[in-house]
Amino acid sequence: MNAKGSPNIYDIAETAGVSIATVSRVLSGGRNVSAQTEEKVLSVMKALHYTPNAFARGLCLGSMGMVGVLCTDVSDLYYARAVSTLERLLRQKGLEALLCCTGGKLEDKKKGLSLLLHKHVDAAILIGSAFKEREDNSHIETAARSVPVIVINGLIECENTYCVLCDEEAAMFEAVSALCRHRCRKVLYLYDQLTFSGTQKLAGYRRALQEQGVEVREELILQVDKSLPEIHDRVRQLLSSGIEIDGVAASEDLLAIGAMQQLHRHGLYPPVIGFNNSAFAEIISPALSSVDNMVETLCSTAFSILCDVLEGRSAPRKVLLSGQLIERETFRESSPTL
45 MNAKGSPNIY DIAETAGVSI ATVSRVLSGG RNVSAQTEEK VLSVMKALHY
95 TPNAFARGLC LGSMGMVGVL CTDVSDLYYA RAVSTLERLL RQKGLEALLC
145 CTGGKLEDKK KGLSLLLHKH VDAAILIGSA FKEREDNSHI ETAARSVPVI
195 VINGLIECEN TYCVLCDEEA AMFEAVSALC RHRCRKVLYL YDQLTFSGTQ
245 KLAGYRRALQ EQGVEVREEL ILQVDKSLPE IHDRVRQLLS SGIEIDGVAA
295 SEDLLAIGAM QQLHRHGLYP PVIGFNNSAF AEIISPALSS VDNMVETLCS
345 TAFSILCDVL EGRSAPRKVL LSGQLIERET FRESSPTL
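Counting with the numbering used here, you get residues 45 to 382 for the letters of the sequence shown.
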């Protein structure tokens, strides 16, 4: 029971042994709910003397009107854009966003999700593939038994979980293929983490080289922190060892920029393509070509799915969007290097 002693939608879900989304669907008329489950939920409502308020009837939410939003680091430009977009969309619907920045450690991510659930949010939105763990996603599965979980740019397949993601493997494949068509054969690739997203991008890089008949050279694949001094140092070491570079692709714009800066210091000006199409790409000189992984479209699609779920309508469990290469000064496919 809540603090006032009267039952709420969470009490109904727990007592009936179903998810919040199922109770919401019953409130909205039983759409996509079996007759047996609907009868069970209605019986619990009757036994607990539950009367849904107008807000719960209208939006199929509980009484909080609050959605939890998790990201690892809001100072990251990608996450900042996503959070800003989601807050704006939620506000337009009369909902509040409760933001929790977890950092990258699994235990902290678990604590963040648990904190939101204890705040009785009506749904949880996880931004980024860093929330998909390689082995154990049981904490997310547990959360999804209580509230709908929306994952942006990650893939977690369990009940009451909905994923909206960019096909980043295909996007990176197209970007590196474009470099190969640009007559690049020694393409440096930089990445920071092998999250789900990072793994997909690296796979796209490898596949592009293989299908273009270009040798995959492991010494040209660098894992680096998102630190310009480290990127500069690692690229300088490569060049000092005699390794040639005639093209650059990276999993993040900042990594591409760091590599480009160090190459320019050595009088080298190969084609360079970043990823995420961040503000960095436009303000750097020369302007950086970058793959746009459609963060704002991902967020608006995720928000639409959230509304459908909370209002008892059917929603796709997985939506896959395409990325787009934005050509700027560091790469023009129409003008290959001679």
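Ideal placement from N, C-alpha and C gives every residue a C-beta, glycine not left out.
Collapsed DSSP secondary structure at residue i in the structure displayed
i      : result
Ser78  : coil
Ser362 : Contrary to the premise, residue 362 reads as Lys rather than Ser in this sequence. Lys362: strand per DSSP, three-state reduction.
Leu209 : strand
Cys202 : coil
Glu140 : strand
Gly257 : coil
Ala331 : coil
Ile169 : strand
Gln244 : helix
Gly148 : coil
Cys115 : strand
Ser279 : This sequence places Val at residue 279; Ser is not what is there. Three-state DSSP puts Val279 in a helix.
Lys153 : helix
Ser285 : coil
Ser158 : helix
His93  : coil
Thr59  : helix
Lys84  : helix
Gly311 : coil
Thr341 : helix
Gly302 : helix
Glu355 : coil
His226 : coil
Thr374 : coil
Residue i versus residue j: straight-line alpha-carbon distance, rounded
i      : j      : result
Ala359 : Leu253 : 37 Å
Glu373 : Ile327 : 12 Å
Ala294 : Arg357 : 39 Å
Leu365 : Ala346 : 12 Å
Leu103 : Ile53  : Low local confidence applies: a pLDDT of 47 at Leu103 is under 50, so the model's placement there is unreliable, and no value is given.
Asn197 : Phe319 : 14 Å
Lys362 : Ser285 : 45 Å
Asp236 : Lys270 : 7 Å
Ser322 : Ile289 : 24 Å
Thr59  : Glu371 : 55 Å
Gly248 : Cys144 : 31 Å
Leu312 : Glu262 : 21 Å
Arg69  : Glu83  : 12 Å
Cys343 : Ile287 : 41 Å
His310 : Met216 : 26 Å
Val258 : Val292 : 14 Å
Val279 : Ala325 : 20 Å
Ser190 : Leu159 : 13 Å
Leu298 : Ala331 : 12 Å
Ala187 : Leu161 : 7 Å
Glu377 : Tyr123 : 30 Å
Glu201 : Ser78  : 22 Å
Ala91  : Thr81  : 15 Å
Lys137 : Cys228 : 49 Å
Ser107 : Leu134 : With a pLDDT of 43 at Ser107, under the threshold of 50, the predicted position of this residue should be treated as unreliable, though the coordinate-derived value follows. So the two alpha carbons sit approximately 16 Å from each other.
Phe375 : Asn76  : 49 Å
Leu86  : Ala219 : 54 Å
Val67  : Tyr206 : 17 Å
Asp55  : Ala65  : 13 Å
Thr341 : Val208 : 10 Å
Integer Cβ distance of residue i from residue j, believed to fall under 8 Å
i      : j      : result
Leu369 : Val316 : With 8 Å as the limit, Leu369 and Val316 do not qualify as a contact, their Cβ atoms being about 12 Å apart.
Ile169 : Leu130 : 6 Å
Gly140 : Met110 : Residue identity differs from the one stated: residue 140 is Glu in this sequence, not Gly. With 8 Å as the limit, Glu140 and Met110 qualify as a contact, their Cβ atoms being about 5 Å apart.
Ser241 : Ser173 : 4 Å
Gly147 : Leu114 : Rounded, the Cβ-Cβ distance is 11 Å, inconsistent with contact.
Ile275 : Leu234 : 7 Å
Leu354 : Pro192 : 7 Å
Lys163 : Glu212 : Not confirmed; about 32 Å, so no contact.
Ile349 : Ile194 : 6 Å
In DSSP terms, what residue i is bridged to
i      : result
Phe319 : Val335
Ala293 : Tyr233, Ile317
Met216 : Looking at the DSSP assignment, Met216 forms no beta bridge with any residue, so it has no partner.
Gln368 : Asp336
Gln267 : Tyr235
Met110 : Glu140
Ile53  : Answer is none; Ile53 lacks a bridge partner.
Val193 : Ala168, Thr205
Residue environment, residue i, which counts as buried when at least 16 other CB atoms sit within 10 Å
i      : result
His226 : buried
Tyr94  : buried
Glu203 : exposed
Asp166 : buried
Ser221 : buried
Ser333 : buried
Gly112 : buried
Lys153 : buried
Gln281 : exposed
Residue i beta carbon near the ligand SAM (any heavy atom closer than 6 Å)
i      : result
Ile196 : The ligand SAM is not among the ligands present in this structure, which contains no ligands whatsoever.
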